[in-house]
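Keeping their order, the protein sequence lines are chains D and F. Using my numbering, you'd call the opening residue of the first sequence number 1 and step up by one each time. Using my numbering, you'd call the opening residue of the second sequence number 1001 and step up by one each time. Yeah, the Cβ is synthetic: ideal placement off N, Cα and C, and Gly gets one too. Right, one structure below, let's go through it.
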Amino acid sequence: MTQRSFVSVVDDDESVRESLPDLLRALGHDARTFKSAEDFLVSGQIDNTKCLILDFSMPGMNGLDLQQELKKRQKGIPIIFITAHKDNEICAKALDQGASACLYKPFSDTELIEALSTALA
Amino acid sequence: MAASDSPDPERWLSNLPPTRVHVRWVLTLAILQVAALAICWPFREIQLARIDGFIPVFEGIIFVSDLITAVLLFSQFAIHRMRALLILACGYLSSALIIVPHALAFPGAFVPTGLFGDAFHSTAWLYWFWHLLFPLALLGYGLTKDEKYELSSDQPSSFTVIGLSVAVIVGIVCTTTFFVVTTSYSHPPELFIVSMLACVSALAVLWLRRRSLLDHWLMVVALAAILEMMLVVLSPNRFSVGFYAGRLFSLLTSTIVLMVLLEETTRLYASLRNLNETLEERVLAEIRERLEERKRAEEALNATRSELARATRVMTLGTLAATIAHEINQPLTGIITNAGTCLRMLDSNLPNIDIAREATRRTIRDGNRASEIIARLRSLFSKEEAEKKSMDLNEAAKEVIALMMTTLQRYEVVLILEFADSLPSITADRVQLQQVILNFLQNAIDAMTTVDEMPRRLIIRTACVDDDQIRLSVQDSGVGIDPQAMKRMFDPFYTTKSEGMGIGLSVSRSIIENHHGKLVATPNNGPGATFSFTIPRGHVADTIAPQVGVVQSQGPEKMLPKGNHK
């Protein structure tokens, strides 16, 4: 964590959007949250984002769709998926499509730090 | 005589083997005949009083008797299609018919010289024709009776065959009569030998080929005819002992078969009745067995249905468990993340107290949120056992809605609650009704997920109908119900969903029916469908404190954890 990285969080759950940025900042990153994939796509923050923390199931465009969309736009942002549904299949799919990590909610800060260091390596 | 030994109506006189009793009767009658002949033989020449009325009366009896016998035999032919029976019937018919001119021509019967003919020889000729045709018919019967007969489609109908036969016989009798009365005879006929020969041959053939009961009785008939002819030939004087005795034998010839036929018909009727009774008993037994079977099947079905209900419950619980996990994992993520942040703040050299305080506050809030979810689940599952208790349908529905709220928000469903203000309490199984409501909501959401072009509206209503019924309805703006599916949607395992099992609605309906209620699905006037159930209030043990009606504004929002409502 020598340099501050800009991390975007896309999740429809308010608890996550409220709590995660503070932790990320405490870990030495800059963070910004979006309540939907669409919001993120129109935010103009895509190019700044060094790492994307992304929920799978969201109303409208879901996490996997956003991943595909970014791939299409040739934005090679490392993605850490987070989900409250313990679904190995969907995680495997996300990892196949190039995701950096997949965390099941609730995850510990250690897990998050590990995933971030891999993603930002 | 014949006991109803065989209840088979196919077995009749013409194919029924005689019993020992039958044979004994036949033998007795034959011996009696011979004995009677022997007794009157010495007196045969003795002249008795001339009774002019004797011939019309006697021949009237023979006419009627032979005619009835012929009709019965014809009808038997129609049933069995045996040529032998047809020939025999023709024999009796010819006998009945030829008696008419014989009686008319008989001098003294109606007018002193007879109505036609030559008063002496004409009647004799007619008599011998009569006694020739009948034995020939007997002989014909004896020769054809063992023929195998088969019904085929190209055979003429019984009606045609009988009609033709009757016409032929009438023709023969008329022609014979015509020739006899228009010819003057100088001598009595010499047909005796021929008639006797025919009769003896008939007896011989019947004896040799005797098999059925009818064969045996016809032998008695043939014997009576032989004895009669002997008497008539050997005592040619009219109104002698031989003349009268001969007529008695003639009577025997004519009536034996009729009596046997009538007796046999009665026996058949009796056995038919027995058969009918047996059949009825069998049918009743069969029906009883079927009813038993049906009852067993119904019991099995009920068992399966409750098993299915249990399975669905378990399945619903499985789905719920996933929902619960999701619901609780969200605040837990917040709690752990906030606590992590807080710890880091406190550990740092320059603790940011504000951030730590804020994180702690959020931790408490998320903790409460998790606790709320658990509390709701507790109330949903605390009454796990199926039992009917006084309950408030609005309250029960609110609990289910609260549980589904995240899902509803996820799919951007606009929820409108139109709960009746003073809904009376009902006696019902709370958990089961909640299962039904949950199923309604799940179906409504499933129906609306593919609808994007218009707002997804879900209206949940409760109402009191007819004073003693309570209704809950869930109206969606989804894809509606396919008319094809409408018929089958309550069938177990019928589903239109790719991942559905097709048991939700069928189980829901059995739950509502168990509450003596009714579950209906109706297409909306606009888009979507409405599912509703109506149940009677039932016996209310204790009154629930009146509930404040829930309207949209104070509805779901109030009951729900704070989320990112859209």
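Can the beta-carbon of residue i be found closer than 8 Å to that of residue j?
i: residue 1205(F); j: residue 1257(F); result: no
i: residue 1251(F); j: residue 1099(F); result: no
i: residue 1162(F); j: residue 1096(F); result: no
i: residue 1568(F); j: residue 1126(F); result: Residue 1568(F) cannot be examined here, being either before or after the span of chain F that is shown, 1001 to 1566.
i: residue 1241(F); j: residue 1040(F); result: yes
i: residue 1362(F); j: residue 1334(F); result: yes
i: residue 50(D); j: residue 6(D); result: yes
i: residue 108(D); j: residue 78(D); result: no
i: residue 1428(F); j: residue 1528(F); result: no
i: residue 1022(F); j: residue 1213(F); result: yes
i: residue 1419(F); j: residue 1471(F); result: no
i: residue 59(D); j: residue 12(D); result: yes
i: residue 1411(F); j: residue 1445(F); result: yes
i: residue 1359(F); j: residue 19(D); result: yes
i: residue 115(D); j: residue 1330(F); result: no
i: residue 1455(F); j: residue 1400(F); result: no
i: residue 67(D); j: residue 8(D); result: no
i: residue 1504(F); j: residue 1439(F); result: yes
i: residue 1124(F); j: residue 1055(F); result: no
i: residue 1511(F); j: residue 1432(F); result: yes
i: residue 1209(F); j: residue 1146(F); result: yes
i: residue 1198(F); j: residue 1143(F); result: no
i: residue 41(D); j: residue 14(D); result: no
i: residue 1169(F); j: residue 1094(F); result: yes
With 16 other CB atoms within 10 Å as the buried threshold, where does residue i fall?
i: residue 1422(F); result: exposed
i: residue 1259(F); result: exposed
i: residue 1035(F); result: exposed
i: residue 1430(F); result: buried
i: residue 1337(F); result: buried
i: residue 1051(F); result: exposed
i: residue 1543(F); result: With a pLDDT of only 39 at residue 1543(F), under the threshold of 50, the placement of this residue in the model should not be trusted; the figure read from the coordinates follows. Answer is exposed; the Cβ neighbour count stays below 16.
i: residue 1122(F); result: buried
i: residue 1069(F); result: buried
i: residue 1513(F); result: exposed
i: residue 86(D); result: exposed
i: residue 118(D); result: exposed
i: residue 17(D); result: buried
i: residue 1554(F); result: For residue 1554(F), the predicted structure reports a pLDDT of 33, less than 50, and the residue's modelled location is therefore unreliable. A value from the coordinates is still provided. Residue 1554(F) comes out exposed.
i: residue 1018(F); result: buried
i: residue 1351(F); result: exposed
i: residue 1516(F); result: exposed
i: residue 1184(F); result: exposed
i: residue 1076(F); result: buried
i: residue 1509(F); result: buried
i: residue 1267(F); result: buried
i: residue 1551(F); result: Reliability of the predicted coordinates at residue 1551(F) is poor, the pLDDT of 34 falling under 50, and no value is obtained from them.
i: residue 1293(F); result: exposed
i: residue 110(D); result: exposed
i: residue 91(D); result: buried
Alpha carbons only, please: which of the options is nearest the one belonging to residue i?
i: residue 1134(F); options: 1277(F), 1116(F), 1088(F), 1144(F); result: 1088(F)
i: residue 1476(F); options: 1443(F), 1173(F), 1022(F); result: 1443(F)
i: residue 1344(F); options: 1292(F), 1364(F), 1356(F); result: 1356(F)
i: residue 55(D); options: 68(D), 47(D), 36(D); result: 36(D)
i: residue 1458(F); options: 1076(F), 1231(F), 1473(F), 1021(F); result: 1473(F)
i: residue 1182(F); options: 1285(F), 1105(F), 1047(F), 1452(F); result: 1105(F)
i: residue 1200(F); options: 1172(F), 1229(F), 1523(F); result: 1229(F)
i: residue 1245(F); options: 1024(F), 1043(F), 1508(F), 1479(F); result: 1043(F)
i: residue 1526(F); options: 1511(F), 1478(F), 1485(F); result: 1478(F)
i: residue 38(D); options: 65(D), 88(D), 71(D); result: 65(D)
i: residue 88(D); options: 41(D), 105(D), 4(D); result: 105(D)
i: residue 1484(F); options: 1354(F), 1523(F), 1432(F), 1158(F); result: 1523(F)
i: residue 1140(F); options: 1066(F), 1083(F), 1112(F); result: 1083(F)
Round the Cβ separation of residue i and residue j to the nearest angstrom and send it over; I've been treating them as touching at under 8 Å.
i: residue 1435(F); j: residue 1536(F); result: That pair is no contact at about 19 Å.
i: residue 1191(F); j: residue 1128(F); result: 4 Å
i: residue 112(D); j: residue 103(D); result: 7 Å
i: residue 1227(F); j: residue 1249(F); result: 5 Å
i: residue 1026(F); j: residue 1217(F); result: 7 Å
i: residue 1203(F); j: residue 1223(F); result: 6 Å
Problem set entry | Chain-ordered residues of the stretch 12 to 38 of chain D with a beta carbon less than 7 Å from chain F | 12, 13, 14, 15, 16, 18, 19, 20, 22, 23, 26, 35
Problem set entry | Contact list for the stretch 1431 to 1449 of chain F against chain D, Cβ threshold 9 Å | none
For this session: Mind checking the stretch 1364 to 1375 of chain F against chain D and listing, in chain order, the residues whose C-beta falls within less than 7 Å of any C-beta there?
Result: 1366
Problem set entry | Interfacial residues, the stretch 74 to 88 of chain D to chain F, with Cβ spacing under 8 Å | 82, 84, 85, 86
Exercise. Name the residues in the stretch 1397 to 1413 of chain F whose C-beta lies less than 7 Å from a C-beta of chain D; which are they?
Worked result: 1410, 1411, 1412
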